[in-house]
Structures are given as structure tokens and as C-alpha cells.
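Visitor: Protein chains in written order, with our numbering: chain A, 22 to 267; chain B, 22 to 267.
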DNA sequence: TTTTTTGGTTGACGTGGGTCAACGAGCTTG
DNA sequence: CAAGCTCGTTGACCCACGTCAACCAAAAAA
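1) If I measure Cβ to Cβ from residue 71 of chain B and keep anything under 6 Å in the same chain, skipping five residues before and after, which residues do I get?
2) Between residue 80 of chain A and chain B, is the shortest Cβ-Cβ distance under 8 Å, so that the two count as touching?
3) Is the shortest distance between the beta-carbon of residue 128 of chain B and the beta-carbons of chain A less than 8 Å?
4) What is the DSSP secondary structure of residue 126 of chain B, counted as helix, strand or coil?
5) Check the DSSP bridge columns for residue 247 of chain B and list the partner residues they point to.
6) Can you grab the Cα-Cα spacing for the pair residue 39 of chain B / residue 155 of chain B, in whole Å?
7) Please classify residue 130 of chain B as buried or exposed, where buried requires at least 16 other C-beta atoms within 10 Å of its C-beta.
8) Would you call residue 197 of chain B buried or exposed, if buried means 16 or more other Cβ atoms sit within 10 Å of its Cβ?
9) Quick check: the Cα distance between residue 118 of chain B and residue 224 of chain B, rounded to an integer number of angstroms?
10) For a cutoff of 8 Å on Cβ pairs, would you count residue 141 of chain A as touching chain B?
11) Residues in its own chain within less than 8 Å of residue 45 of chain A by CB, not counting five upstream and five downstream?
12) Nearest CA to the CA of residue 152 of chain A: which residue from A/128, A/51 and A/257?
13) How would you label residue 54 of chain B, buried or exposed, when you count the other beta carbons within 10 angstroms and need 16 or more for buried?
14) How would you list, in chain order, the residues of chain B whose beta-carbon sits under 7 Å from the beta-carbon of residue 174 of chain A?
15) By how many angstroms is the C-alpha of residue 191 of chain A removed from the C-alpha of residue 208 of chain B?
16) For the stretch 160-174 of chain B, list every residue whose C-beta sits within 7 Å of some C-beta in chain A, in sequence order.
17) Which word fits residue 171 of chain B, buried or exposed, when buried means at least 16 other C-beta atoms lie within 10 angstroms of its C-beta?
18) Decide yes or no for the touch test of the stretch 61-81 of chain B against the stretch 169-185 of chain B: beta carbon pairs closer than 8 Å, at least 3 of them.
19) In whole angstroms, what is the alpha-carbon distance linking residue 84 of chain A and residue 236 of chain A?
20) Measuring only the C-alpha atoms, how far is residue 194 of chain A from residue 252 of chain A?
21) What does residue 118 of chain A touch in chain B if you count any residue whose Cβ is under 7 Å from its own?
22) Measure how close the beta-carbons of residue 165 of chain B and residue 157 of chain B come, nearest whole angstrom, since I'm counting them as under 8 Å.
23) Name, going along the chain, the residues of the stretch 47-58 of chain A whose beta-carbon falls closer than 7 Å to a beta-carbon of chain B.
24) By Cβ distance below 7 Å, which residues in the same chain neighbour residue 270 of chain A in space, the five residues on each side in sequence not counted?
25) Counting C-beta neighbours from all protein chains within 10 Å, is the total for residue 120 of chain B 16 or more, i.e. buried, or is it exposed?
26) For the alpha helix (DSSP H) containing residue 202 of chain B, list its first residue and its last residue.
27) Spell out whether any CB of chain B is found under 8 Å from the CB atom of residue 157 of chain A.
28) Reducing DSSP to helix, strand and coil, say where residue 154 of chain B ends up.
29) For residue 83 of chain B and chain A, any beta-carbon pair shorter than 8 Å?
30) Taking Cβ positions only, does residue 255 of chain A come closer than 8 Å to chain B?
31) So with CB distances below 8 Å, who are the chain A contacts of residue 178 of chain B?
32) Cβ of residue 100 of chain B less than 8 Å from any chain A Cβ?
33) Ignore the nearest five residues each way along the sequence and tell me which others in residue 108 of chain A's own chain have a CB closer than 6 Å to its CB.
34) Ignoring anything shorter than 3 residues or poking outside the stretch 60-112 of chain B, list the beta strand (DSSP E) runs there in chain order.
35) Given that residue 151 of chain A touches chain B, what residues does it touch there, using C-beta distances under 7 Å?
36) State yes or no: is the C-beta of residue 125 of chain B within less than 8 Å of the C-beta of residue 82 of chain B?
Next comes the structure, spelled out in C-alpha cells:
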């Protein structure tokens, strides 16, 4: 028995220290020495094919996940089948934080494309935060950022009109692609109109119509999932509209 | 100079160890010895009068707060003046977690009644989580719970109809009053219809109409802020309605 | 290749909840 | 005890978005 356990350790030794996502991920802001110690935290990687679940609501919580490649959506389901997409996650972002509170996941995480995640055992993370100076703070920041992000979505869902929501969504995607070294003006969305709609609290037809309207107005150019932002400033201006304005 | 600093320490020595809110608050699940060590974490208490801000968006982040008495709302403001209430907080709940990510608060916290909070210096909290075994885990659970709660609100805002939202809100309040030793059937709301509306993504008139409808249907009895839940099961049933149902 | 499936667009129409407005009930202040 | 507030209720009307349906394009399967 004893022999099998050590053998399962992942062949990839230098997980974080030579990953090009450090700037976006959990290790952000840590020193080189801290970084190398962090490598042992990432136990393994896991590939998740498009449409497959990384975890499901109710699954026992054991680890959080850092997205190494690809992208995901998280959603919550009501008994009657209604779905609410709670977020879209890209490389470097952390999945699974919802599971800590009850030691079981409270939402589903589904890959939007073939993806790969780093598995970070939660008990190991707790231990190491005692040891590595910057890790605890950085982890807290990641969780806090998630809370702030959720508040932004609540703002969007609670107080914005359909076109404002989509404009905010597009600008947010643009900024996140940009942070990952991709163009902020041209990108391919990985999710369907229905998923965008669920996230924004709109029906897919409304999302589609808003896309078309933006195109008519010369703000963007869309073809299916391909988006070209022609007038980002124009989109931003949409967000500052007074309730009564048109 | 040296003399003034020690003098400012709070006279209340046993902050957490003899607080009756331990069950609901940060110290939940910690041993007696851990608990007594926790006392030094709570530096001071702070009173906040009704309508006053505990903190504002943009304020530098230094501490989180545990509500000792009273209640609060948190909200986010858009440049154009639109407000989104992101949550209502009751005794034992933690405020200020949003500030960790950027080291500045990202929302406003306003007392709904004359209230008192325990001030927990964040740097001290970080230190002590290294030392007290259960503190780190418990703190993580508090943050994670906030994330899960926010996802619930997103579900509500994104996929529920007005009456479902209000039913969910009332059941949630009921359950939280109950957890604090108050009646789950009869309570006084601390917030206005407008604040409820902002939280639920509805206008105050719609909230008022939904209250009236619930009363007509014999589900509740309302008079201003006083609420009596007559048929909690009936309210729960409202939440399971299929989109097309009436 | 054709066929099927999935995803996206667009139009016509309906409705839930927003808007506007009047009024009334409690509080507060002088 | 007025006189002013703020907060809540209710009605009439309207519009942004949902619903339903037809159709088309792209991708996947056969």
C-alpha cells in the first residue's frame, strides 16, 4: 500500500513557478522563494472536456481549482428546472470557493470548451497559508474579489436595462481578454446566447436583439460568437444613462 | 507619545468569550481556549446611529466588523445615482469583506437602526489565523457563505418573478430572526419598501402590491413594517412555481 | 454529400412590472 | 396641536421585455 501513494504525485514539478498565469492567479504578488514553495500545493492537473462538469452542486468539497486553460461557467439550478448562470471564468481564475462554507459545492461548474485546471487540495492550502507569508492574504483577496464581482452582477441584474447589461458584459469580457494578452477589441465568446441571457437575467431573444441593435448603431460587429468592439466608449456611455434617458 | 497608545485599548476584556452571539459569529465552532485567545482580536466596539455610515465605498480598508447589536444594509451606487442594495445584515454577521481585495471598501454600509459593531483589525486577524487553529477555517467559511448567499440573490434577481422574490425574502428574514432566538412568524422589518425593492430589483410600488396580495391571499398579515407569517408553507410553494404557472 | 441538430435572428403580440399621480397614515418638529 | 415629513398604499396607464413562432446558418452526424 505504502508504495502506491508516493507514485501518484504529479510528474510536473514546477507547477506555479513556471506558469505564465502567475500574474492573474493565486500566486500573484508572491516572491520567487514563496512561489517555488507553492509548487507543492498544486497536486495534479485535471482535464475537463467541453460540456463536462468539473463539479456539481452537492459534491463534497475537497479542493479548489485554478483554470490553466479554457473556460467555465458556474450555475445554480432551481427544483423547477430554472437555471441561473452565476459566472463565467477564464484562465487564472479560481473555481470552487463556494464549497468551503458547507464543505459541499453549492453550484455546478461546466467547461465551455476543452479545458484544464490545477487541483489545489483545500486542507493543504490551509496548512500552507500558515507557512507562506503572502499566500493567506492573496487567497483572501481572491475570495474578496469574488464577493465584489458578485455585487457588481447584483447591480447589473437589479438596476440595469437589457442593453446596459449587455454593454457591461461585453466591456467586462473585453477587459478580461485584454488582461490575458488577447485583443480587447476582437474576441470569440465561448458561451451561447442562452447562457449570456441566463447570466444577465434576460431571455436569449432579448440578448440577440441587443446584439443586433449594437451592430445597427455601429458600436460592435457581431457574427455568431465572434465580436468586434468598434466603439468601446460608446458602450461605456450606455452605462451612464439616466433611467428616463433614451 | 508612547503612553497614549496602550491607554486606548478597550476596557471590555472578554469580548468574544462571553458574547451570546458566538453561535452566529466568527468564533463559531471554536474551543474555549481558542475563544479566550480570540478576545484580544476584538480591539474596540463602535456605535453607529441609524442612517449613519459604518463605512463608505472608497474608504481605506483596515478592519472588518461583527454586528453586536442592530442591523445594516450594504449598497452600491452608480454614477447616475442608481442604488443597488446588496444585502441586509443582522447581529453576528460580518461586514466589510468586500474591502480586502483592493484594500478599499467597494460598497457603503449604513445602519438601519442604532447599532453596535465589534471592530476586528484585519492585520491582526491575519496574524491570529496563523496561530489559532480554527480561526482561519472559520473566517474562510464566513467569506464562502457570503459568496453562496450572493449566488442566491443572483438567482432571485435573474430568474424569479416579483412575488417569488418577496416570498424568498420573507422566508429568509424569518429564518434569520429565528436563528437569533426571535419568532420566525412575527417580526418587524427594519428597512423601507424602497430598500427592499432595491435589494429585490423591484420598485417600491411593486413590493407594496406584492405585500398586499400576500395579505389578500391569507399568506401573511402586514401593517407597515410589522409582518406576521400566517402560511409559511404557502410562501414556500410560491417559490416552486413553473414559469407558466399562476 | 445529405441529414439532423443546435444555435442564432427576427417578427408579431402579450403582459408583468414600471411610471405617474393621488392620497393617507405615522413620525417628527415647532 | 398643527404643520411638515417620510413612508406606504392604491389606481390608471404604458412600455420593455417575455412569449411564441418561423426561419436560417453552422456544426455535427450519418
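The beta-carbon is built from N, C-alpha and C at its ideal position, and this holds for glycine as well.
Guide: Concretely, from the data shown:
1) 132, 134 and 135
2) It does not: the Cβ of residue 80 of chain A has no partner Cβ on chain B nearer than 8 Å.
3) yes
4) Correct three-state label for residue 126 of chain B: coil.
5) B/209 and B/244
6) 18 Å
7) buried
8) buried
9) Whole-angstrom Cα-Cα distance: 28 Å.
10) no
11) 112, 113, 114, 200 and 201
12) A/51
13) exposed
14) 175
15) 43 Å
16) 161, 162, 164, 165, 166, 167, 168, 169, 171, 172 and 174
17) buried
18) They do not touch, by the three-pair rule.
19) 42 Å
20) Our two residues, residue 194 of chain A and residue 252 of chain A, have alpha carbons roughly 15 Å apart in a direct line.
21) 165 and 168
22) Not a contact, Cβ separation roughly 12 Å.
23) none
24) Because chain A here runs from 22 to 267, residue 270 of chain A falls outside it and cannot be looked at.
25) buried
26) From DSSP, residue 202 of chain B is part of no alpha helix (DSSP H); its letter is neither H nor E.
27) yes
28) helix
29) no
30) no
31) 175, 178, 179 and 222
32) yes
33) 95
34) 63-69, 74-76, 84-90, 93-98 and 104-110
35) 151
36) Yes.
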